[in-house]
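When you read off a place in the sequence shown, starting at 1, and then add 3, the result is the number in this note's numbering. Cβ coordinates follow ideal geometry from the N, Cα and C atoms, glycine included. Data first, discussion second: the structure below is written as structure tokens.
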Amino acid sequence: MNKIAVVYWSGTGNTEAMAQAVLQGIQESGADGQLYTSSEFAPEMLSDFGTIAFGCPAMGDEVLEETEFEPLFEACKPELSGKKVALFGSYGWGDGAWMRSWEDACKEASVNLVCDSVICNETPDEEGIANCKALGASLAE
Ligand SMILES: Cc1cc2nc3c(=O)[nH]c(=O)nc-3n(C[C@H](O)[C@H](O)[C@H](O)COP(=O)(O)O)c2cc1C
Numbered sequence: 004m005n006k007i008a009v010v011y012w013s014g015t016g017n018t019e020a021m022a023q024a025v026l027q028g029i030q031e032s033g034a035d036g037q038l039y040t041s042s043e044f045a046p047e048m049l050s051d052f053g054t055i056a057f058g059c060p061a062m063g064d065e066v067l068e069e070t071e072f073e074p075l076f077e078a079c080k081p082e083l084s085g086k087k088v089a090l091f092g093s094y095g096w097g098d099g100a101w102m103r104s105w106e107d108a109c110k111e112a113s114v115n116l117v118c119d120s121v122i123c124n125e126t127p128d129e130e131g132i133a134n135c136k137a138l139g140a141s142l143a144e
């Protein structure tokens, strides 16, 4: 079975709303999805999952949240080979540069990004939620 983990960090709930929609898309497609905050997840748990959707907003100056999420992601990165990975997150005043950098870092590390990342400006609107659900559904295929 394709077990899917959705692992996210969210300060004010926007990326959390996206994560919940990703999970909904997975579950509505009949796959087994599990939702974790970055503090609930650990690299040792990756062996249970073939697919992981990581979510983190733009923080600092166009970077990932540095205290909790980035250390977790860096620790997971070497263990991601052979797995399907997708990225999502919310941003504010920028133009999505944090996501482009995150995607580039993944490509450099040969992380297998299997679909287009989903980004939403602040609170996800209807279209953003639909895009998150579609991301979840595509991971469930
Ligand atoms: C400390 C801090 C740094 C931020 N840095 C950026 C940034 O560099 N670029 C950007 O577009 N938005 C930035 N934002 C805005 C957040 O990405 C945006 O509010 C997002 O919706 C927060 O998602 P969350 O509710 O999941 O925490 C920043 C917000 C905070 C609090």
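Per DSSP, cysteine 135 lies in no beta strand (DSSP E) segment; the continuous alpha helix (DSSP H) that holds it begins and ends at 129–143. At a threshold of 7 Å, serine 93 counts as near ligand 1, since its beta carbon sits closer than that to one of the ligand's heavy atoms.
Per DSSP, glycine 92 is one residue of the beta strand (DSSP E) stretching across 87–94. Within the segment 101–125, the complete beta strand (DSSP E) segments at least 3 residues long are 121–124, listed from N- to C-terminus. Phenylalanine 52 sits in coil when the DSSP states are folded into three classes, being neither helix nor strand. With contacts defined as CB atoms closer than 8 Å, proline 46 and alanine 78 qualify as a contacting pair.
With respect to alanine 140, serine 32 sits close: the two C-beta atoms are nearer than 8 Å.
Three or more Cβ pairs closer than 8 Å define a contact, and the segment 100–117 falls short of that threshold against the segment 129–140. Collapsing the DSSP output to three states places phenylalanine 57 in a strand.
Counting only residues of its own chain and dropping the five nearest sequence neighbours on each side, cysteine 59 has a CB closer than 6 Å to the CB of Trp12, Leu67, Glu68, Phe72, Gly92.
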